[in-house]
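Protein chains in written order, with this note's numbering: chain A, 1 to 388; chain B, 389 to 776; chain C, 777 to 900; chain D, 901 to 1024. The C-beta atom is built at its ideal place from N, Cα and C for all residues, glycine as well. Because the structure is a prediction, the values reported are computed rather than measured.
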Amino acid sequence: MTSRLIYMDHGATTPLREEALEAMMPFLKGQYGNPSSLHAPGREVRNAVEEAREKTARALSAQPEEIYFTAGGTEANNLALRGAAKIRNGSGHIITSSVEHHAVLDVCKDLEKEGYEVTYVPVDQYGKVNPETLKNAIKDDTFLISVMAANNEIGTMQPVQEIGRLARENNILFHTDAVQVVGQLPVDVQEMNVDFLSLSAHKFNGPKGIGALYVRRGIKIAPLYQGGGQERKLRPGTENVPGIIGLGRALELATEEIPGKKKHLESLRDRLIKGLLGIGDVILNGHPDERLPGNVNVSFKYIEGESVLLSLDMEGIAASSGSACSSGSLEPSHVLSAIGLEHSEAHGSVRFSLGRGNTEADVETVLEKAPPIVERLRNMSPTYHRSQ
Amino acid sequence: MTSRLIYMDHGATTPLREEALEAMMPFLKGQYGNPSSLHAPGREVRNAVEEAREKTARALSAQPEEIYFTAGGTEANNLALRGAAKIRNGSGHIITSSVEHHAVLDVCKDLEKEGYEVTYVPVDQYGKVNPETLKNAIKDDTFLISVMAANNEIGTMQPVQEIGRLARENNILFHTDAVQVVGQLPVDVQEMNVDFLSLSAHKFNGPKGIGALYVRRGIKIAPLYQGGGQERKLRPGTENVPGIIGLGRALELATEEIPGKKKHLESLRDRLIKGLLGIGDVILNGHPDERLPGNVNVSFKYIEGESVLLSLDMEGIAASSGSACSSGSLEPSHVLSAIGLEHSEAHGSVRFSLGRGNTEADVETVLEKAPPIVERLRNMSPTYHRSQ
Amino acid sequence: MYNDKIVEHFNNPRNVGELKDADAVGDAGSFKCGDTMKLYLKLKDGRIDDIKFQTFGCAAAIASSSMLTELVKGKTLDEALQVTNQDVADELGGLPPLKMHCSNLAADALHNAIANYREGKQAG
Amino acid sequence: MYNDKIVEHFNNPRNVGELKDADAVGDAGSFKCGDTMKLYLKLKDGRIDDIKFQTFGCAAAIASSSMLTELVKGKTLDEALQVTNQDVADELGGLPPLKMHCSNLAADALHNAIANYREGKQAG
Ligand SMILES: Cc1ncc(COP(=O)(O)O)c(C=O)c1O
Ligand SMILES: Cc1ncc(COP(=O)(O)O)c(C=O)c1O
Chain A
1 MTSRLIYMDH GATTPLREEA LEAMMPFLKG QYGNPSSLHA PGREVRNAVE
51 EAREKTARAL SAQPEEIYFT AGGTEANNLA LRGAAKIRNG SGHIITSSVE
101 HHAVLDVCKD LEKEGYEVTY VPVDQYGKVN PETLKNAIKD DTFLISVMAA
151 NNEIGTMQPV QEIGRLAREN NILFHTDAVQ VVGQLPVDVQ EMNVDFLSLS
201 AHKFNGPKGI GALYVRRGIK IAPLYQGGGQ ERKLRPGTEN VPGIIGLGRA
251 LELATEEIPG KKKHLESLRD RLIKGLLGIG DVILNGHPDE RLPGNVNVSF
301 KYIEGESVLL SLDMEGIAAS SGSACSSGSL EPSHVLSAIG LEHSEAHGSV
351 RFSLGRGNTE ADVETVLEKA PPIVERLRNM SPTYHRSQ
Chain B
389 MTSRLIYMDH GATTPLREEA LEAMMPFLKG QYGNPSSLHA PGREVRNAVE
439 EAREKTARAL SAQPEEIYFT AGGTEANNLA LRGAAKIRNG SGHIITSSVE
489 HHAVLDVCKD LEKEGYEVTY VPVDQYGKVN PETLKNAIKD DTFLISVMAA
539 NNEIGTMQPV QEIGRLAREN NILFHTDAVQ VVGQLPVDVQ EMNVDFLSLS
589 AHKFNGPKGI GALYVRRGIK IAPLYQGGGQ ERKLRPGTEN VPGIIGLGRA
639 LELATEEIPG KKKHLESLRD RLIKGLLGIG DVILNGHPDE RLPGNVNVSF
689 KYIEGESVLL SLDMEGIAAS SGSACSSGSL EPSHVLSAIG LEHSEAHGSV
739 RFSLGRGNTE ADVETVLEKA PPIVERLRNM SPTYHRSQ
Chain C
777 MYNDKIVEHF NNPRNVGELK DADAVGDAGS FKCGDTMKLY LKLKDGRIDD
827 IKFQTFGCAA AIASSSMLTE LVKGKTLDEA LQVTNQDVAD ELGGLPPLKM
877 HCSNLAADAL HNAIANYREG KQAG
Chain D
901 MYNDKIVEHF NNPRNVGELK DADAVGDAGS FKCGDTMKLY LKLKDGRIDD
951 IKFQTFGCAA AIASSSMLTE LVKGKTLDEA LQVTNQDVAD ELGGLPPLKM
1001 HCSNLAADAL HNAIANYREG KQAG
């Protein structure tokens, strides 16, 4: 990565921040003990792990014993859903939304095969779940609702608090995939009425390969797998100590910085959206206001997202796309389909996800480089010409 | 950890070696892209991940596409066993040994609850599985055999090659938990006749929180969980890039060093065993020769392991124990029970696991510090006096 | 992911555009992956004298379109029909496995154009 | 894991050993966790004049044994019977939750010694 790189793919992953790496370094060097070991080198590492757990809990207004470290957001989501399902022994009803990350959606599909029933509630044109619709989907044997806090592709925030209240009133467990929200916006598991919440460190400038699941005290779920009994048997395996330390430190700092960062990113975001829409024949995907501070998702009509991405990449701009061709699949993103985009519009989607380190100058550079790219590709497009 | 620490708990975890950390650093800093991303920062990380996969494959005489990265040995074991079981839809017979790590044993127990049948073949007084016994346990619907390459507590090596041959002859899948062997002794998945093999980086001076499962080409298993499709859908979630890079580098180096390291550790091991047995009323647990190069496991009669550990710890010596009290459980290790130790002998077990960095001087220090500790504790013991 | 040759064809595609006075026009589209291509041929003495394309698609689709036009220019229609998707991919130095289907577009559009021409359909 | 007080008692346990001429002897053992303890009492004027213990067990068990002997030395048997496992743990500044059962040993052995004595059993 040369210095001229403009990285606008923070929704995919973020750079590890220096302070987090600094906190990790001792545990990548001299403090290598196994936290389960009795001896001094083990005990000092145990203390550090528990401190990181406290920091993580504090950032969510949770208790340390409600935090279980996992290998990332994917495992956290699976642990919540499969863990809650497994103790029901193959029957019962789950409600989720049609715009969840694959780490929820595909779990639900697999649980269907295992005998559970799943309702996928639709979303409106902005990608929002209507709590009324969700309420109507509740059945006698609904035991779990899983709705993400904010969507990773189009940034739309869900009415998590309201859904949580609904779940509680109906005695249903509530999980939220907050991977895109933790570290970006304030999160309070009490206010949100959640029973499970997933997070992933590399989305808030922490290390890759580590995440956590919040499990409300008193709620029993089954582990995904068995082993040496770590994480109070819910997530066994020798702890990823440097990862845990890095997660705790990154989350502590991200949480402190939320107010300033939110304002900064929202202003960059709104400038970028305005500029991109100015190109013409560009659609904003997701909600106009209730979206992640750093999320910009647009469809450039008449052209295909991957070709835009690749052209941006040659200009040193890193973004991503919900286009089928960029994901190597044949279907465009289920999220873009769920908000009712036509095939061709879905194929033209590009996500710019802003984060720590992005500047106004970055946004201006993108707004300077994007229009000629779009024009060049449109001039090659059979659909563009046809529609003129 | 002060410089005077004598670390003899390499069976629990090892220090991350400098070369591996060095290889990881770029990926903890500038090269933070998501390997699934299309853009340049993503692609360069993808290349590095695939290079690490090649290194890992080479160390096992496997093909890169047969390597799946996991969060550690525990997950690798679970993935192999649960993955092979799941596609059988709840029925069939599994054979394993009574001395497996909990990451195999407890999975088998859970699979029994799910409807599978499991035979736990016993071991002899040295902890060895008899292939004949195993052969007799095979049934018509046996679909999986899982026997570890070497035991983590007592170091006993299993006749993996022979068991593999048996499995192949009977058309049964064969998994080996090689967490204690990879990086210590030569491993060749072809020679071993294995279909699945688990490894964990932090056992060979690689980073914590990363491991791998070898899956022979053409063998289909189900993933433990669903998500974004990484690792060819078998192990989804954003890749732990620094971990993967560190694993690849550490394994490459460990594999090169095996001949020298093996000789060195065996000589230290044999000196330590001899010295400890010289204390009197000390039993060697495990096989006299067919044991891991760095493994020493003895029972000090009449005293309890944890109190030995703690006393060693105060002298700056880090070891571990199969004593119930050191693990926080009430039962002593299932391994020590399986080789027929009496309760009180099992309670007096201490494991010294030698590794990279241990010296003759370390061994001499242990042999100087241990006898007075044992004597002091024996002098407190009601059983010692009674038996004099 | 893409080799230099593909990137070069994506950046500088040959024969982009329309031919107003085309003798043959062909379409191809992958409904599923969404790519579409339009191909225009001008014939002279039974050979492809001029050729242009328009493509909505990913870099692989665009580069394949470009490469196809280069491969068939100057060929007779029968010769042109011998050109396969694999030829296009090979000439590009290989496509990523997941992108092979993107190269199908180009040859499909060519076949469609030639069929249209032989069925006596005119451009437009 | 263990606080300084426990470590200190483990390192320098008070009243370790046997009393050859004990008035009362008690045993306790946790079959499951394997710890065993033997307690010797010498009485004078109805009070515990001397006390010694032997323990096979972990650091928590040894420290608890040591602490118990300190707590009951000089007490009458009835007073000594008031001392609970919790008292021993509290005096040690708290034991790790998983180690609480190790402290039971000490009070159990005391109760056993006193019971043996009251049933008229002699040491030996
Ligand atoms: C909303 C959401 N959930 C889950 C995940 C999975 O997290 P990870 O890749 O860290 O396992 C991601 C990111 O990829 C995400 O954006
Ligand atoms: C034999 C064996 N298998 C599996 C494991 C589990 O590995 P990890 O703790 O890295 O998940 C270990 C180590 O703890 C082990 O020694």
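Collapsed DSSP secondary structure at G599 (chain B) in the structure displayed: If you number the second sequence from 1, residue 599 (chain B) lands on position 211. Strand at G599 (chain B).
Contact set for L81 (chain A): own chain, Cβ-Cβ below 8 Å, skip 5 residues either direction: Here the question's residue 81 (chain A) lines up with position 81 in the first sequence. Counting only Cβ-Cβ distances below 8 Å, and skipping sequence neighbours, we find I94, V104, V107, C108, L111, L144, S146 and H175.
One or two residues paired with E505 (chain B) in a DSSP bridge: Within the second sequence, numbered from 1, the residue matching residue 505 (chain B) stands at position 117. BP columns for E505 (chain B) point to B:H481.
Short Cβ contact (7 Å threshold) for K942 (chain D) with D935 (chain D): Here residue 942 (chain D) corresponds to residue number 42 of the fourth sequence, with the count starting at 1. Here residue 935 (chain D) corresponds to residue number 35 of the fourth sequence, with the count starting at 1. Against a cut-off of 7 Å, the Cβ pair of D935 (chain D) and K942 (chain D) comes out as no contact.
Chain-ordered chain B contacts of D270 (chain A) [CB-CB under 9 Å]: As a working note, residue 270 (chain A) is residue 270 in the first sequence. By Cβ distance, chain B contributes nothing, its closest Cβ being about 24 Å from D270 (chain A), past 9 Å.
Residues in the segment 957-986 of chain D having any Cβ partner in chain B nearer than 9 Å: So the list reads G957, C958, A959, A960, A961, I962 and S965, given in the order they occur along the chain.
Own chain, CB closer than 6 Å to L276 (chain A), minus 5 neighbours either side, in chain order: Taking the first residue of the first sequence as position 1, residue 276 (chain A) is located at position 276. These residues qualify, in order along the chain: V282 and V298.
N685 (chain B) beta carbon near ligand 2 (any heavy atom closer than 6 Å): By one-based count along the second sequence, residue 685 (chain B) stands at place 297. Not so, every heavy atom of ligand 2 lies at least 6 Å from the Cβ.
The segment 408-420 of chain B contacting the segment 598-618 of chain B, beta-carbon criterion three pairs below 8 Å: no
CB of G229 (chain A) within 7 Å of CB of G460 (chain B), strictly: By one-based count along the first sequence, residue 229 (chain A) stands at place 229. By one-based count along the second sequence, residue 460 (chain B) stands at place 72. Cβ atoms of G229 (chain A) and G460 (chain B): not closer than 7 Å.
Closer than 7 Å at the beta carbon, the chain D residues around H771 (chain B): Sequence index remark: in the second sequence, residue 771 (chain B) carries index 383 (1-based). Inspection of the sequence shows that residue 771 (chain B) is occupied by Thr rather than by His. The answer, in chain order, is T936 and F956.
Short Cβ contact (7 Å threshold) for N435 (chain B) with K208 (chain A): As a position in the second sequence, residue 435 (chain B) is number 47, starting the count at 1. As a position in the first sequence, residue 208 (chain A) is number 208, starting the count at 1. Cβ distance not < 7 Å, so N435 (chain B) and K208 (chain A) don't count as in contact.
Cβ of V864 (chain C) within 7 Å of any chain G Cβ: In the structure shown, chain G does not exist; the protein chains are A, B, C and D.
E619 (chain B) at chain D interface by Cβ criterion, 7 Å: Start at 1 with the first residue of the second sequence, and residue 619 (chain B) comes out as number 231. Not an interface residue.
First through last residue of the alpha helix (DSSP H) which encompasses M702 (chain B): By one-based count along the second sequence, residue 702 (chain B) stands at place 314. Segment G693 to M702, the alpha helix (DSSP H) holding M702 (chain B).
6 Å Cβ shell around M1 (chain A) - same chain, five flanking residues per side excluded: Locating residue 1 (chain A) in the first sequence gives position 1, where the first residue counts as 1. Interpretation of M1 (chain A) is limited by its pLDDT of 42, a score under 50 that renders its predicted location unreliable; the figure taken from the coordinates is listed afterwards. Within the same chain, M1 (chain A) has no close Cβ partners at all.
C-alpha distance - K369 (chain A) paired with L5 (chain A), whole-angstrom precision: In the first sequence, the residue the question calls residue 369 (chain A) occupies position 369. In the first sequence, the residue the question calls residue 5 (chain A) occupies position 5. Their backbone Cα atoms lie some 13 Å apart in a straight line.
Neighbour flag for S337 (chain A) against chain B, beta carbons, 7 Å: Taking the first sequence and counting its residues from 1, the one referred to as residue 337 (chain A) is at position 337. It does not; no Cβ of chain B falls within 7 Å.
H264 (chain A): first and last residue of the uninterrupted alpha helix (DSSP H) it sits in: As a first step, residue 264 (chain A) must be located in the first sequence, where it is residue number 264. Taken as a continuous stretch (DSSP letters only), the alpha helix (DSSP H) holding H264 (chain A) covers V241 to L277.
Any non-hydrogen atom of ligand 2 within 6 Å of G461 (chain B) CB: Translated into positions along the second sequence, residue 461 (chain B) becomes position 73. At least one heavy atom of ligand 2 is nearer than 6 Å to the Cβ of G461 (chain B), so yes.
Exposed unless 16 or more other CB atoms sit within 10 angstroms - verdict on T424 (chain A): Lying before the first or after the last residue shown, residue 424 (chain A) is absent from chain A, which here runs from 1 to 388.
heavy atom of ligand 2 below 6 Å from A638 (chain B) C-beta: Numbered from 1 along the second sequence, position 250 holds the residue referred to as residue 638 (chain B). Answer for A638 (chain B): no, Cβ out of range of ligand 2.
Same chain only: Cβ atoms within 6 Å of A836 (chain C), ignoring 5 sequence neighbours per side: Mapped onto the third sequence, residue 836 (chain C) falls at position 60. For A836 (chain C), where only same-chain residues beyond five positions count, the Cβ hits under 6 Å are L871, K875 and C878.
Cβ-based contacts, 9 Å cut-off: residues of the segment 917-928 of chain D near chain B: G917, E918 and D927
Short-range partners of chain C found in the segment 352-374 of chain A, where Cβ spacing is below 7 Å: none
For Q568 (chain B), the nearest candidate out of B:I607, B:G736, B:T462 and B:I609 (CA to CA): The sequence position of residue 568 (chain B) within the second sequence is 180, counting from 1. Nearest option by C-alpha distance: B:T462.
Buried/exposed call for G552 (chain B), threshold 16 Cβ in 10 Å: On the second sequence, residue 552 (chain B) is found 164 positions in, with the first residue counted as 1. Counting Cβ neighbours within 10 Å, G552 (chain B) comes out buried, since at least 16 surround it.
Expected contact under 8 Å - CB spacing of D9 (chain A) and S425 (chain B) to nearest Å: In the first sequence, residue 9 (chain A) corresponds to position 9, counting from 1. In the second sequence, residue 425 (chain B) corresponds to position 37, counting from 1. Yes, they are in contact, since the Cβ atoms of D9 (chain A) and S425 (chain B) sit about 6 Å apart, within 8 Å.
S966 (chain D) in three-state terms, based on DSSP: As a first step, residue 966 (chain D) is located in the fourth sequence; it is residue number 66 there, counting from the start. Three-state result, S966 (chain D): helix.
Closer than 7 Å to chain B by CB, Y120 (chain A): As a working note, residue 120 (chain A) is residue 120 in the first sequence. With 7 Å as the cut-off, Y120 (chain A) does not count as an interface residue toward chain B.
Rounded straight-line distance, which links the Cα of L416 (chain B) to that of P630 (chain B): Position 242 of the second sequence holds residue 630 (chain B). Position 28 of the second sequence holds residue 416 (chain B). Approximately 6 Å, taken between the alpha carbons.
Beta carbon of I279 (chain A) nearer than 7 Å to that of V350 (chain A): Here residue 279 (chain A) refers to the residue found at position 279 when the first sequence is read from its first residue. Here residue 350 (chain A) refers to the residue found at position 350 when the first sequence is read from its first residue. Their beta carbons are not under 7 Å apart, which means I279 (chain A) does not touch V350 (chain A) by this criterion.
CB contact flag (Y816 (chain C), V801 (chain C), <7 Å): In the third sequence, the residue the question calls residue 816 (chain C) occupies position 40. In the third sequence, the residue the question calls residue 801 (chain C) occupies position 25. Result yes, Cβ atoms of Y816 (chain C) and V801 (chain C) sit closer than 7 Å.
8 Å CB neighbourhood of E114 (chain A) in its chain, flanking five on each side removed: For the purposes of this step, residue 114 (chain A) is taken as residue 114 along the first sequence, with counting starting at 1. Around E114 (chain A): A85 and G90.
Inter-residue CB distance, E100 (chain A) and P131 (chain A) (contact presumed, cutoff 8 Å): Here residue 100 (chain A) is taken as the residue at index 100 of the first sequence, counted from 1. Here residue 131 (chain A) is taken as the residue at index 131 of the first sequence, counted from 1. No, E100 (chain A) and P131 (chain A) are not in contact; Cβ-Cβ is about 16 Å, not under 8 Å.
Entirely enclosed alpha helix (DSSP H) segments - the segment 56-103 of chain A, minimum 4 residues: 73-86
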